[in-house]
DNA sequence: ATGAAAGCGCTAACAG
DNA sequence: CTGTTAGCGCTTTCAT
């Protein structure tokens, strides 16, 4: 069932059929209809391998992800999917679990027209490999700076800064920071923002700690601090899960949020938003990140001049119910 | 940079190069080495569009998903990814959001060698379309029965039955069921199991209700029931999120779980497992579902005889800390 | 063990 | 506006 069958059936040549396939204007309306109905009858659809071969393009954009059980990733992926579809591209997701298999597959010029790396784990290796293979690609939420590679990141420093400013503005002076695993640049950046805000306000950090990006991590830290009777009046957490665990633990200790202690999270995880008190948090601009990423990649593919390598996006503080003015005791 | 360049560089013909590419034994070792090093030098990798075209296969399996912010999906996808890689196939994920765009793309015989539909939303349409296009495919966690289509589902009836039996075994007689949206067959099946278990024990259902698969859904139901002073001694929830919301609400009402009321969830959501009391829940056999699904698809692709259309897997009750013997008052 | 030739299904270049 | 010819990069007969 190929283009020749359609040609035969419609009484026209394969070239005309191809023209109809590609919406060429130079086909007489009558003939176009003939071709269309022949296709219909034959239940024909063009072979994409053949098209890719001759055109040198696949119409597919690959995206490598490490994890999807997370609102941030979820939102970015959905936006990318939509934007790509608008441009006539198809998104193929690949889980980077088995470093060898999956990504190497995607990393083939003829498999995809371009690649989006979202929070890549083995960032440097991937970047090098992709450059070597000469495949257009962009980085989203990456950790390091790379020359000549367009990337879109969130200004985590600013996020930490604003979260802390918010707390300071509420009169808090004893503010602690609980971050995630130190391998992440974002963790360090958020902390840097926190320290800067405090410094500007002439305050000393109350204390910092870290744990995994999990509810139980936050829970344990809070329990430990409570046990040691070392509690601030406000916590800035590097992640919503941590914040949620913290709130749970504090509640068990008879400490109310935000009445006794204020808590700020990070990421605006969907799920976490269903708990009371609704968490004040920092929302990352996923939609922007996704659409700018797609735009950059499209430019790269079309050979346009590339803009400055790194685009840094401002996150947004969402003030909700877990923060309040410090209690005057 | 194609096979001809390699041939020229190695001083052999394209056919020999092709043979090396395909591990044909009939190549003299010396020549194989020549070819290999030529490939290396040229940084050559074969064009997959050309291969697909001539072979009529792509080496790609498509999987259509609707949502990934969920442990059940996450686990199934990861297993499928691994199993497929073992077989030399690559998994391409596609979000079924924009029904038109995405899936229709995957639904092309020459794009993928086979398709896995995970909890498809527009199940019947997809099945029909895929049959029409004659693409090998399997259904995972589907809602309806289809002739001639291999599918793997979980025995939700059994899950509901066992969860309820567990509660009955703990001496509970006032047991309620809170299910999810009624469009899902799984919701009805879990309820059917619940009713059956009660019936066998000579008990009447205390009451049933339903809400979205969300924490807030469960929270609101519990608040409502508490307000109406209509509380059982045990809840069986059709979903962990609902169960979690329920526990939160009960706690706010001063009711302790499991001391005053026992709660059973469903799905063993990762995240939910981090809360105390750790939820007694029903775990779906994601690993089995994934690997059986892949096996079936492989058989289909290889033209083997298809086994009985539907494989029904038994879920597993995980007894943890949210259920206890009924209090004797 | 190796190679020449044909062809997978499609599009692009060039005629007419 | 339409068709003839060539070729994308690879694998597969079929000889040798």
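Chains as they are written, first to last, in my numbering: chain A, 11 to 339; chain B, 11 to 339. Just so it is clear, CB atoms sit at the ideal spot from N, CA and C, and this is done for glycine as well. Computed from a prediction, not measured in an experiment: that's the story for all the values here.
query, result
"Which of helix, strand or coil DSSP assigns to residue 80 (chain B)", "coil"
"Cross-strand partners of residue 221 (chain A) (DSSP beta bridge)", "Residue 221 (chain A) pairs with nothing; no bridge assigned."
"Residue 141 (chain B) vs residue 154 (chain B) beta-carbon contact at 8 angstroms", "no"
"Contacts that residue 120 (chain B) makes with chain A (C-beta to C-beta distance below 7 angstroms)", "57, 58, 59"
"N- and C-terminal bounds of the alpha helix (DSSP H) containing residue 294 (chain A)", "From DSSP, residue 294 (chain A) is part of no alpha helix (DSSP H); its letter is neither H nor E."
"Cβ-Cβ distance between residue 299 (chain A) and residue 159 (chain A) below 8 angstroms", "no"
"Buried/exposed call for residue 12 (chain A), threshold 16 Cβ in 10 Å", "exposed"
"Interface partners of residue 107 (chain A) on chain B, CB under 8 angstroms", "88, 91, 92"
"Residue 291 (chain A) beta carbon less than 8 angstroms from that of residue 270 (chain A)", "no"
"Members of the stretch 195-226 of chain B near chain A, C-beta cut-off 9 angstroms", "224, 225, 226"
"Exposure label - residue 239 (chain B); buried when at least 16 CB within 10 Å", "exposed"
"Buried/exposed call for residue 186 (chain A), threshold 16 Cβ in 10 Å", "buried"
"8 angstroms Cβ cutoff met for residue 78 (chain B) and residue 123 (chain A)", "no"
"The stretch 35-52 of chain B: positions lying closer than 8 angstroms to chain A by Cβ", "none"
"Expected contact under 8 angstroms - CB spacing of residue 268 (chain B) and residue 183 (chain B) to nearest Å", "16 angstroms between Cβ atoms; not a contact."
"Contact residues within the stretch 125-142 of chain A, judged by C-beta distance below 8 angstroms to chain B", "142"
"C-alpha distance - residue 166 (chain B) paired with residue 208 (chain B), whole-angstrom precision", "16 angstroms"
"Burial state of residue 322 (chain A), where buried means 16 or more other Cβ atoms lie within 10 Å", "exposed"
"Cβ of residue 281 (chain B) within 8 angstroms of any chain A Cβ", "yes"
"Sub-8 angstroms separation of residue 120 (chain A) and residue 59 (chain B) beta-carbons", "yes"
"Residue environment, residue 152 (chain A), which counts as buried when at least 16 other CB atoms sit within 10 Å", "buried"
"Range of the contiguous beta strand (DSSP E) that encloses residue 273 (chain B)", "272-274"
"Selection from B:296, B:57, B:70 that minimises the alpha carbon distance to residue 66 (chain A)", "B:57"
"CB contact below 8 angstroms: residue 28 (chain A) versus chain B", "no"
"Meets three-Cβ-pair contact criterion under 8 angstroms: the stretch 39-47 of chain A and the stretch 30-42 of chain B", "no"
"Beta carbon proximity, residue 74 (chain A) to chain B, threshold 8 angstroms", "no"
"Span separating the alpha-carbon of residue 91 (chain A) from that of residue 69 (chain A)", "13 angstroms"
"C-beta atoms of residue 168 (chain B) and residue 86 (chain B) nearer than 8 angstroms", "no"
"Cα-Cα separation between residue 250 (chain B) and residue 263 (chain B), rounded to whole angstroms", "20 angstroms"
"Residue nearest to residue 75 (chain B) in terms of C-alpha spacing, selected from B:171, B:102, B:61", "B:102"
"Beta-carbon proximity of residue 128 (chain B) to residue 272 (chain B), cut-off 8 angstroms", "no"
"DSSP bridge partner residues for residue 245 (chain A) (one or two, in chain order)", "A:186, A:273"
"Interface residues of chain B facing residue 84 (chain A) [CB-CB closer than 7 angstroms]", "78, 79"
"Residue 17 (chain A) - containing alpha helix (DSSP H), residue span", "13-20"
"Element boundaries [alpha helix (DSSP H), containing residue 2 (chain A)]", "There is simply no residue 2 (chain A) to check, as chain A begins at 11 and stops at 339 in what is shown."
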